[in-house]
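Student: Heads up, the sequence shown is in our numbering, so the first residue is 9 and it goes up one at a time.
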Amino acid sequence: MAIFARFAYAGGADLLGVLLARFAIAGSILALLMIATRRPWPRGRVLAVAVGMGAVGYVGQAVCYFAALNHASAGLVALLLYAYPTLVCILAAIFLRERLTARTVGLLALSFAGIALTLGGGQGTATGFALGLAAALFYSVYIIVGARELKESDALASTTVVCLSAAATLGIASLFQAPRFPVEASGWIPVFLIALVSTVVAILAFFAGLKRVGPATASIVSTLEPVVTVALAWGILGESLSAIQVLGGILVLGSAAWLARR
């Protein structure tokens, strides 16, 4: 997703334009899937929670993530986002009363050490670091709220409402600040890829994986994302990470994978 965003920015789009197009396209596709499969739409408390998760959680995470790309390398931003398993463990202990074992605490400490190394290796500004970690925090809260409030709801239905809510929120924001979309047709390609590949396909594939291999294995596989992003950023964009940041990234990803096996 970070790679696509770089190309979308180069095509003339700005942060608001990319995000508004992303959620409008993704939400529309998911809504069509809802209609085609005749799924019931969420109601009552589930609907209210899903709307809030989209308007606040998903929008907050996306804004911080895409804004961070203006202040740090794509690989670094992707690595910082994967501080979220650590934050999820902490928030789950506080709000869901999950017990923190000595092993979990040790892995959390290892993850924080990795984050410190990642931040200390250059290739970004303090603003980029802060936005990257803020994206991880928003995503962590999003996961905790979803685990607590949407546990029994249909995944496709909830995700559709989340995306449509995010699109509506960004649409309201565009009334106060005009979004800038790609100026050429070729600039829309990465925008559509963000909506299709990084949103619709990613969400549906993740939930399909949950049914087949369970949450632990699915979460472990998802930690491949920043590794792939770093590799593509190096090969396509010519970006690089310092040796210290690579070591920090290994610690963060290793801790995340091990935490997912709890």
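Using N, Cα and C, we set each Cβ at its ideal position, and we do this for glycine too.
Everything numeric in this text was worked out from a predicted model, so none of it was measured.
#1: Identify which residue in Y17, L164, R51 and L28 has its Cα closest to the Cα of A213.
#2: Per DSSP, what are the beta-bridge partners of G246 in this structure?
#3: Would you identify the three-state DSSP class for A80, choosing helix, strand or coil?
#4: Classify G132 as helix, strand or coil using the three-state DSSP reduction.
#5: Quick check: the Cα distance between L249 and L23, rounded to an integer number of angstroms?
#6: Run through DSSP, which three-state label would T45 get?
#7: So, is R105 buried or exposed, given that buried needs 16 or more other C-beta atoms within 10 angstroms?
#8: Alpha helix (DSSP H) containing L108: first to last residue?
#9: On the three-state DSSP scale, how would you describe S166?
#10: Return the CA-CA distance between M9 and R107, expressed in angstroms with no decimal places.
#11: Give me, in chain order, the residues of the same chain whose beta-carbon lies closer than 6 Å to that of Y92; leave out the 5 immediate sequence neighbours on both sides.
#12: Alpha carbons only, please: which of L204, F74, G62 and T133 is nearest the one belonging to A176?
#13: So for T225, helix, strand or coil by DSSP?
#14: Straight-line CA distance for L158 to T135?
#15: Could you check whether the segment 174-190 touches the segment 18-32, counting it as contact only if at least three pairs of C-beta atoms, one from each stretch, sit closer than 8 Å?
#16: From V59 to V26, what distance separates their C-alpha atoms?
#17: E247 and A239: beta carbons closer than 8 Å?
#18: Starting from G52, trace the alpha helix (DSSP H) both ways and give me its first and last residue.
#19: Less than 8 Å between the C-beta atoms of S36 and G122, yes or no?
#20: Rounding to the nearest angstrom, what Cα-Cα distance links G154 and W196 in this structure?
#21: Cutting at 6 Å between CB atoms, please list the residues of its own chain near G222, excluding the five before and the five after it.
#22: Quick check on this structure: which residue in Y17, A44, A13 and L55 has the alpha carbon closest to the alpha carbon of E4?
#23: Can you tell me which of the three DSSP states P187 falls into?
#24: Is it the case that the Cβ atoms of A80 and T133 are separated by a distance below 8 Å?
#25: Nearest-angstrom Cα distance between T237 and S194?
Tutor: So, from the listed chains and residues:
#1: L164
#2: Answer is none; G246 lacks a bridge partner.
#3: strand
#4: strand
#5: 24 Å
#6: helix
#7: exposed
#8: Run containing L108: none; DSSP gives neither H nor E here.
#9: helix
#10: 34 Å
#11: A144, Y147 and S148
#12: G62
#13: For T225, the predicted model reports a pLDDT of 47, less than 50, meaning its position is unreliable; a value from the coordinates is still stated below. Correct three-state label for T225: helix.
#14: 33 Å
#15: yes
#16: 20 Å
#17: no
#18: G52 to G60
#19: no
#20: 31 Å
#21: Residue confidence for G222 is low, a pLDDT of 46 falling below 50, so the modelled location carries little weight and cannot support an answer.
#22: The displayed coordinates of the chain run from 9 to 270. Any statement about residue 4 would go beyond what the structure contains.
#23: coil
#24: yes
#25: 22 Å
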